[in-house]
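Each residue of the sequence shown is one higher than the one before, starting from 1 at the first, in our numbering. For glycine and all other residues, C-beta sits at the position ideal for the given N, C-alpha and C. Note that the structure is a prediction, hence the values are computed from the model and not measured.
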Amino acid sequence: MEYDGYDEVVRAWIQGVYDSRGNDAKRTLKFCYDIEQYALKKNDAKLLGFAYYYSAETYYLLNESEKFFFCITKGVSYLNESNQWKLVARAYNLMAITAINRGNEPIALDYYLTGLNFCTKYQLKEEETMIDINLGNLYLSCGQYLEAQRYFEHCGQHVKKYVNDDRNNRLITCVYIGMGTGFLFRDMPDRAAHYVELISDECAGRIDGIELLSFRCFKARVCHATGKAEARDECIRLICEEINTDIPIMDIFGDLYEISQLLLDIGNDDAFLRVMGILEPLTWQSKIVNLQRQIISLKIKFYRMHKNNDAYLEAAGQYYELSEVMEKEKQAMIANMLDVRESLERANKKRREIEEANIRLQEKSETDALTRLANRFRLNDYLDNAFERAQSDQTALAMEILDIDYFKQYNDNYGHQAGDECIKRIAGQLEMMQNDRIFCARYGGDEFIILYQNMTEEEVRHAAEGLRQRIMDLAIRHAYSQTMSIVTISQGICYDIPKDDTKSWDFLHAADAMLYHVKKKSRNDLAIGHLADASDK
Numbered sequence: 001m002e003y004d005g006y007d008e009v010v011r012a013w014i015q016g017v018y019d020s021r022g023n024d025a026k027r028t029l030k031f032c033y034d035i036e037q038y039a040l041k042k043n044d045a046k047l048l049g050f051a052y053y054y055s056a057e058t059y060y061l062l063n064e065s066e067k068f069f070f071c072i073t074k075g076v077s078y079l080n081e082s083n084q085w086k087l088v089a090r091a092y093n094l095m096a097i098t099a100i101n102r103g104n105e106p107i108a109l110d111y112y113l114t115g116l117n118f119c120t121k122y123q124l125k126e127e128e129t130m131i132d133i134n135l136g137n138l139y140l141s142c143g144q145y146l147e148a149q150r151y152f153e154h155c156g157q158h159v160k161k162y163v164n165d166d167r168n169n170r171l172i173t174c175v176y177i178g179m180g181t182g183f184l185f186r187d188m189p190d191r192a193a194h195y196v197e198l199i200s201d202e203c204a205g206r207i208d209g210i211e212l213l214s215f216r217c218f219k220a221r222v223c224h225a226t227g228k229a230e231a232r233d234e235c236i237r238l239i240c241e242e243i244n245t246d247i248p249i250m251d252i253f254g255d256l257y258e259i260s261q262l263l264l265d266i267g268n269d270d271a272f273l274r275v276m277g278i279l280e281p282l283t284w285q286s287k288i289v290n291l292q293r294q295i296i297s298l299k300i301k302f303y304r305m306h307k308n309n310d311a312y313l314e315a316a317g318q319y320y321e322l323s324e325v326m327e328k329e330k331q332a333m334i335a336n337m338l339d340v341r342e343s344l345e346r347a348n349k350k351r352r353e354i355e356e357a358n359i360r361l362q363e364k365s366e367t368d369a370l371t372r373l374a375n376r377f378r379l380n381d382y383l384d385n386a387f388e389r390a391q392s393d394q395t396a397l398a399m400e401i402l403d404i405d406y407f408k409q410y411n412d413n414y415g416h417q418a419g420d421e422c423i424k425r426i427a428g429q430l431e432m433m434q435n436d437r438i439f440c441a442r443y444g445g446d447e448f449i450i451l452y453q454n455m456t457e458e459e460v461r462h463a464a465e466g467l468r469q470r471i472m473d474l475a476i477r478h479a480y481s482q483t484m485s486i487v488t489i490s491q492g493i494c495y496d497i498p499k500d501d502t503k504s505w506d507f508l509h510a511a512d513a514m515l516y517h518v519k520k521k522s523r524n525d526l527a528i529g530h531l532a533d534a535s536d537k
């Protein structure tokens, strides 16, 4: 699991969040608080992101938008820093929904698209589906029906292909409601009715909660548009029975607002007042001015219809005051978005710094994992220093490149595990010959580099010949070699004194040319030459 590395107490808190989220807000927030306090002491970004996200989610469900934004803004940067991409995408989805409810569609669109970028980059299919559904609803609210349909169709294909549990019923219900609502807005009620039938056939008895309430609102509107008053009224009756103060207002407000409009249109005052009796206090609890203003607009229409002038004028005054407050709230939303962006940029910068530091640490790891010899990074470092000394002191330097004869055939026939063991045994012989004048490194694959310093050409030849003989003495069986029935090596050596214009790469190039000469001629041999000889080989 993602949090297995933590101790038993922390894991218990995390499990407590999972078990209580969505059904026991008090317990969820207590667990999140415990995790937050622990994480602050440990400076643990992963746990802080977790605690702030699930606190924000809980406040979202409690319709406490100010606390939601406080937690989600803090959480996103920690989630990003700790690479918790699924929660990052979900956070952007929730922020977008809240932005829509606050009447700021452009900011919501920015949040949705940012969330989708994370979904695409990290293949978060379920989160992508949720955001696509919400984007479809956003385009519906803006009158972009064909664009909305494109998002809903994409969601439907994904849900049917990848989602096979209860989430399928919830998500496909949302998709069908979105598709049907688009046809309602385009005055095509018969086509909208098709989606009522699809939900009834595919999801009946398998959805509950806000999905069921949303479906009843949609069905009531479709029945009204198709002239089925009795079925419409039955949906309204069920809505009035099922609506309660525990619903997450930010998820269902649009559905209840539309059904309230319908109730006003058909003159069903009792049902209207029942819905408003639930909707209004939840909206005021959320402290979202745009939602409060929409509630007031419904009341204005109701008072006007009933010629209640005093209440009408009072509500009109409230609407005006809320409109002024809403302008300030929009500015606060923009400031919040900028704060989130700045937090993310700080988190990204910190993550980049950590990644760069890790790369540097990895590069500076001087030992090859398989052979325990020096790796290429250590070789480059050592070669630079050795070359500088030889060039400055005008002393001899020799570079040897060796590889294992017909190693590909060995690997292919004996397997990679045997190939690794072969490389390790060769490396063991190189390790034994190292001293203050001989340095050995693994260059990559089955290639090794040996540097000889302050040695005569004859001493270098003797050391190289001795190595070749010791490897043959290992008698590692190689039935697929075209040289001998045991593992052998080929060696190319450049021996010279580096001049002022000589580069270390020149030695490498010359040694490689010598190795090529050996392999072209026979293998299981060595060739030693000088810089000037390289072009002749």
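Does DSSP classify residue i as helix, strand or coil?
i      : result
Leu373 : coil
Ile252 : helix
Thr367 : strand
Tyr480 : coil
Cys223 : helix
Tyr320 : helix
Ser485 : coil
Cys119 : helix
Ser141 : helix
Ser522 : coil
Tyr443 : strand
Tyr6   : coil
Tyr452 : strand
Ile247 : coil
Glu64  : coil
Leu124 : coil
Met305 : helix
Met130 : helix
Met432 : helix
Met399 : strand
Using a Cβ-Cβ cut-off of 7 Å (strictly less than) and excluding sequence neighbours within five positions of residue i, which residues of its own chain qualify?
i      : result
Ser82  : Ala45, Lys46, Gly49
Asn168 : Val159
Leu508 : Met399
Asp381 : none
If I'm right that residue i touches residue j with Cβ under 8 Å, what's the distance once you round it to whole angstroms?
i      : j      : result
Leu397 : Pro498 : 6 Å
Asn548 : Ser323 : Outside the shown range of the chain, which is 1 to 537, sits residue 548, and nothing can be said about it.
Ser260 : Leu291 : Not confirmed; about 12 Å, so no contact.
Thr173 : Cys203 : 5 Å
Val88  : Leu94  : That pair is no contact at about 11 Å.
Asp403 : Ser490 : 6 Å
Gln429 : Ile471 : 6 Å
Arg531 : Cys494 : What sits at residue 531 in the sequence shown is Leu, not Arg. 6 Å between Cβ atoms; contact.
Taking the beta carbon of residue i as the centre, do at least 16 other beta carbons fall within 10 Å, making it buried, or is it exposed?
i      : result
Ser522 : exposed
Gln84  : buried
Trp13  : buried
Gly5   : exposed
Arg477 : exposed
Lys125 : exposed
Met305 : exposed
Asp501 : exposed
Arg170 : buried
Gly267 : exposed
Glu211 : buried
Please go through the same chain and pick out, in chain order, the residues whose beta-carbon is closer than 8 Å to the beta-carbon of residue i, but skip the five residues on each side of it.
i      : result
Thr120 : Glu128
Ile239 : Leu213, Arg216, Cys217, Ala220, Ile259, Ala271, Val275
Leu515 : Ile401, Leu402, Asp403, Ser490, Gln491, Gly492, Ala527
Please list, in chain order, all residues of the same chain as residue i whose beta carbon is under 6 Å from its beta carbon, the five residues on each side excluded.
i      : result
Gln409 : Tyr480
Ala390 : Leu397, Pro498
Tyr139 : Glu147, Ala148
Thr226 : Pro189, Ala193
Gly103 : Asn290
Gly115 : Ala89, Tyr92, Asn93, Ile131
Arg372 : none
Gly529 : Met514
Is the beta carbon of residue i within less than 7 Å of some heavy atom of the ligand SAH?
i     : result
Phe31 : In terms of ligand content, the structure shown is empty, and the ligand SAH therefore cannot be addressed.
Handout entry: Touching by the beta-carbon criterion (3+ pairs, under 8 Å), the region 376-394 and the region 440-449
Key = Counting Cβ pairs under 8 Å, three or more are found: they touch.
Exercise for the section: For the region 9-20 and the region 29-41, state whether three or more C-beta atom pairs, one from each stretch, are separated by less than 8 Å. Expected result: They touch, by the three-pair rule.
Exercise for the section: Indicate whether the contact test is met: 3 or more Cβ pairs, each with one atom in the region 232-252 and one in the region 184-193, closer than 8 Å. Expected result: Taking a contact to require three or more Cβ pairs closer than 8 Å, the region 232-252 and the region 184-193 do not qualify as touching.
Problem - At least 3 beta-carbon pairs within less than 8 Å: the region 449-461 vs the region 414-427 - result: The region 449-461, when compared against the region 414-427, does not touch it at the 8 Å Cβ threshold.
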